[in-house]
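>
Below, the structure written as structure tokens:
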């Protein structure tokens with residue numbers, strides 16, 4: 497018998513190794529074998545562990561050469577295509593989403609957060625640079641260009657952006673509204689704050705091309721729906737003409 501035949505034939509040896517590793521749990525049917533190289537193959541058995549649906553026991557057996565027995569090299573549990581596996585681990589700082597922060601919660605930025613840069617060094621914002629040259633004091637870190645672009649993209653795609661349903665049905669844009677208050681700095685060319693308490697955007701950052709039905713220039717036609725003629729007949733009194741003569 498050749499070495500390959502001996503390895504392929506070592507199903508019972510592989511099952512015994514898998515059963516030893518599984519302990520009290522039953523090892524299922526032999527479901528396949530794959531050749532690793534000319535000196536080793538891997539036998540696969542169904543795993544019947546609770547919670548391990550779709551997993552298999554993989555037992556690698558090897559043959560060292562003529563005159564040596566087939567031996568077990570490795571026993572592991574491997575997930576199949578339909579196996580239940582844990583999702584890829586994500587650091588907690590990347591799992592937090594908008595709206596997750598509650599009262600008393602703290603969320604420090606990452607040390608290498610690309611949205612922030614040292615103040616007055618790489619701010620790339622004319623308004624910040626002007627203040628820096630004038631007084632030389634201020635915040636430790638400010639928004640970087642990447643941070644501003646990230647915020648601008650997020651605001652523009654929000655419910656108060658130019659492509660929202662409200663904006664598409666509005667009579668005019670915020671940029672021409674008296675309630676639109678432009679923000680300072682690099683955001684000023686595209687964003688402002690709504691100051692109309694009736695608007696759904698009141699107190700929110702809005703895009704200059706956003707709009708709603710509470711625009712300051714909105715005019716509503718309040719004329720009566722039923723047309724009224726210019727000439728009105730008063731039939732409250734009647735003149736009687738005698739035609740008997």
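In this note's numbering, the protein residues as written are 497 to 741. Cβ atoms here follow ideal geometry from the backbone N, Cα and C, with glycine treated the same way. All figures in this text were calculated on a predicted structure; none of them were measured in a lab.
Identify, in the order they occur along the chain, each residue of the same chain with its Cβ nearer than 7 Å to the Cβ of residue 532, setting aside the five sequence neighbours on each side.
One-based indexing of the chain shown puts residue 532 at position 36. Contacts found: 538 and 556.
> So what's residue 636 in DSSP terms, helix, strand or just coil?
Within the chain shown, residue 636 is the residue found at index 140, counting from 1. Residue 636 falls in the coil class under three-state DSSP.
> Note down, in chain order, each residue of its chain lying with its Cβ closer than 7 Å to the Cβ of residue 678, except the 5 sequence neighbours on either side.
Position 182 of the chain shown, counting from 1, holds the residue named residue 678. These residues qualify, in order along the chain: 684 and 688.
> Going by C-alpha to C-alpha distance, which of 703, 530, 707 and 614 sits closest to residue 694?
Position 198 of the chain shown, counted from the first residue, corresponds to residue 694. Taking only the C-alpha atoms, the option nearest residue 694 is 707.
> What does the alpha-carbon distance come out to for the pair residue 570 and residue 576?
Taking the chain shown and counting its residues from 1, one reaches residue 570 at position 74. Taking the chain shown and counting its residues from 1, one reaches residue 576 at position 80. Each residue's alpha carbon lies about 18 Å from the other.
> Just tell me which of 565, 637, 527 and 670 has its CA closest to the CA of residue 656.
Here residue 656 refers to the residue found at position 160 of the chain shown. Of the candidates 565, 637, 527 and 670, the one whose C-alpha sits nearest the C-alpha of residue 656 is 670.
> Per the DSSP calculation, residue 807 is bridged to which residue(s)?
Because the chain is modelled from 497 through 741, residue 807 falls outside the range shown and cannot be assessed.
> With distance defined between alpha-carbon atoms, name the residue in 561, 593 and 547 nearest to residue 581.
Translated into the one-based positions of the chain shown, residue 581 becomes position 85. With distances taken between Cα atoms, residue 581 lies closest to 547.
> Which class does residue 533 belong to by DSSP, given the choice of helix, strand or coil?
Indexing the chain shown from 1 puts residue 533 at position 37. DSSP places residue 533 in strand when its eight states are reduced to three.
> The beta strand (DSSP E) with residue 677 in it runs from where to where?
Here residue 677 corresponds to residue number 181 of the chain shown, with the count starting at 1. Note, residue 677: beta strand (DSSP E), 676 to 678.
> Go ahead and pull the three-state DSSP assignment for residue 519.
For the purposes of this step, residue 519 is identified with residue 23 of the chain shown, where counting begins at 1. Coil, per DSSP.
> Beta strand (DSSP E) containing residue 643: first to last residue?
For the purposes of this step, residue 643 is taken as residue 147 along the chain shown, with counting starting at 1. Here residue 643 belongs to no beta strand (DSSP E); instead the alpha helix (DSSP H) covers 641 to 652.
> Could you tell me the alpha carbon to alpha carbon distance between residue 586 and residue 563, rounded to whole angstroms?
Your numbering for residue 586 matches position 90 in the chain shown. Your numbering for residue 563 matches position 67 in the chain shown. Using only the alpha carbons, I get a separation of about 50 Å.
> On the CB-based measure, 16 or more other CB atoms within 10 Å of its CB, does residue 632 come out buried or exposed?
Your numbering for residue 632 matches position 136 in the chain shown. Bear in mind that a pLDDT of 46 at residue 632, under 50, signals an unreliable position, so the model cannot answer this.
> Taking the alpha helix (DSSP H) that residue 562 falls in, what are its first and last residues?
Sequence index remark: in the chain shown, residue 562 carries index 66 (1-based). Neither: residue 562 is in no alpha helix (DSSP H) and is coded neither H nor E.
> Three-state secondary structure (DSSP) at residue 715?
The sequence position of residue 715 within the chain shown is 219, counting from 1. Note: residue 715 maps to coil in three-state DSSP.
> Please state the DSSP three-state secondary structure of residue 567.
By 1-based counting over the chain shown, the position of residue 567 is 71. Of the three classes helix, strand and coil, the one that applies to residue 567 here is strand, per DSSP.
> Near residue 711, what residues of its chain come up, given a Cβ to Cβ distance below 7 Å and the 5 sequence neighbours on each side ignored?
Taking the first residue of the chain shown as position 1, residue 711 is located at position 215. Excluding positions up to five away in sequence, the list reads 666, 667, 668 and 673.
> Taking its Cβ as the centre, do 16 or more other Cβ atoms sit within 10 Å of residue 621, making it buried, or is it exposed?
As a position in the chain shown, residue 621 is number 125, starting the count at 1. Classification of residue 621: buried, given that the 10 Å Cβ count is 16 or more.
> Taking the beta strand (DSSP E) that residue 614 belongs to, which residues open and close that run?
Taking the chain shown and counting its residues from 1, one reaches residue 614 at position 118. Taken as a continuous stretch (DSSP letters only), the beta strand (DSSP E) holding residue 614 covers 612 to 614.
> Quick one: Cα of residue 543 to Cα of residue 584, how far?
If you number the chain shown from 1, residue 543 lands on position 47. If you number the chain shown from 1, residue 584 lands on position 88. When rounded, the distance between both Cα atoms is 22 Å.
> Check whether the Cβ atoms of residue 554 and residue 540 sit closer than 7 Å, and answer yes or no.
The residue you call residue 554 lines up with position 58 of the chain shown. The residue you call residue 540 lines up with position 44 of the chain shown. Taking 7 Å as the Cβ cut-off, residue 554 and residue 540 qualify as a contacting pair.
> To the nearest angstrom, report how far apart residue 636 and residue 614 are at their CA atoms.
Here the question's residue 636 lines up with position 140 in the chain shown. Here the question's residue 614 lines up with position 118 in the chain shown. Roughly 6 Å separates the two Cα atoms.
> Return the chain-ordered ranges of every beta strand (DSSP E) run that is complete within the segment 674 to 709 and spans a minimum of 3 residues.
Counting only runs of 3 or more, we get 676 to 678, 687 to 690 and 701 to 703.
> Taking buried to mean at least 16 other C-beta atoms within 10 Å of its own C-beta, is residue 552 buried or exposed?
Indexing the chain shown from 1 puts residue 552 at position 56. The residue in question, residue 552, is buried, as its Cβ has 16 or more Cβ neighbours within 10 Å.
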